[in-house]
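Take a look at the structure set out below.
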Amino acid sequence: MQLDRLVNFHKTVGDKTRLRIIGLLKEGPLHGQAIAGKLGLTPPTISHHIQKLKEIDILYQRRDKNTIYYHLNEPKLARLANAITTLGDEEMNEEFTVTDEEKHKILSNFIGSDGRLKSIPAQLKKRLIILEHMVSGLEPGVTYPEPKINEHIKKYHDDFATIRREFIMHHFMTRDKGFYELNPRELWLI
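Per UniProt numbering, the sequence shown starts with residue 1, numbered consecutively.
In structure tokens form, the structure reads like this:
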């Protein structure tokens, strides 16, 4: 699924108009009419291309009174653009490198004797270790419907919506139309 996501990203941004929109938004947020005027295209055409860029989460919008401004999600764009060069790297994110002893200590601090999560760690490093522990029971290559993922998460914590969101945000899983799939371990942010 992650490879499909990368292919989809490159297909989406592999359009001249979308690349030009990205280039304009690197300079700062703009509304649809301004983008259309700068590119010499109609607003409906711009809306179509903006929708495609929003689908891959590299654009987001903010409303200011009656005007919607489009912003570039630069961190996400950078991650997706660089993901192809980091596939297979042993240590994609060295700042989250932890020893087995540290992992064990974090797990024992946050996981009770019943196997349930006592609380969601506020510190990212610890949260990633907990999330890694929670996805360990899921099978690679299997597509899970949302209710199944919720059941799996409830074994650890009642707030399945937050944990599900964390799985997606930190690239443990990919979501597509209510179905979830475990990403290859190399793509996790740990």
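C-beta atoms are modelled at their ideal positions from N, C-alpha and C, and glycine is treated no differently.
Taking Cβ to Cβ, would you say F160 is nearer than 7 Å to L131? no
Counting only the same chain and skipping the five closest in sequence on each side, list residues whose C-beta sits under 7 Å from that of D18. According to the sequence provided, residue 18 is Arg. The question's Asp does not apply to it. Closer than 7 Å at the Cβ level, and outside the excluded window around R18, lie T12, H49, K52, L53.
In chain order, what residues of the same chain have a beta carbon less than 6 Å from the beta carbon of I168, not counting five sequence neighbours either side? R175
If you drop the 5 nearest sequence neighbours on each side, which residues of the same chain put their C-beta closer than 8 Å to that of D89? Any reading at D89 must be qualified, since the residue scores a pLDDT of 49, below 50, and its modelled position is unreliable; the value itself is stated next. Once the five neighbours on either side are set aside, the close Cβ partners of D89 are E186.
Closest residue to P73 among L182, P44, L24 (Cα-Cα distance): With the sequence shown as reference, residue 73 is identified as Asn, and Pro is not the correct amino acid for it. Nearest of L182, P44, L24 to N73, Cα basis: L24.
Looking at C-alpha atoms only, which residue of V7, E181, K38 is the closest neighbour of P145? E181
Closest Cα partner of F9 within the set I84, H71, V98: I84
Nearest-angstrom Cα separation, counted from F179 out to T45: 30 Å
Beta-bridge pairing of D176 - partner residues as DSSP gives them: F179
In whole angstroms, what is the alpha-carbon distance linking L39 and G32? 11 Å
Along the chain, where does the alpha helix (DSSP H) that runs through D100 open and close? 100-110
Span of the alpha helix (DSSP H), counted from its first residue to its last, around residue 227: Here the chain comprises residues numbered 1 to 190, so residue 227 is not present and cannot be evaluated.
I35 burial status per 10 Å Cβ neighbour count (16 or more: buried): buried
Given K154, which residues of its chain have a CB within under 7 Å of its CB, disregarding the five upstream and five downstream residues? F160
For the alpha helix (DSSP H) that contains R18, what are its first and last residues? 16-25
Output the distance between the C-alpha atoms of P75 and V98, rounded to the nearest integer angstrom. 24 Å
Within the same chain, show all residues whose beta-carbon is closer than 6 Å to that of W188, passing over the 5 residues directly before and after it, in chain order. H171, F172
By a C-beta neighbour count over all protein chains shown, 10 Å radius and 16 as the cutoff for buried, is N109 buried or exposed? exposed
Going by the CB atoms, is the gap between H157 and I163 shorter than 7 Å? yes
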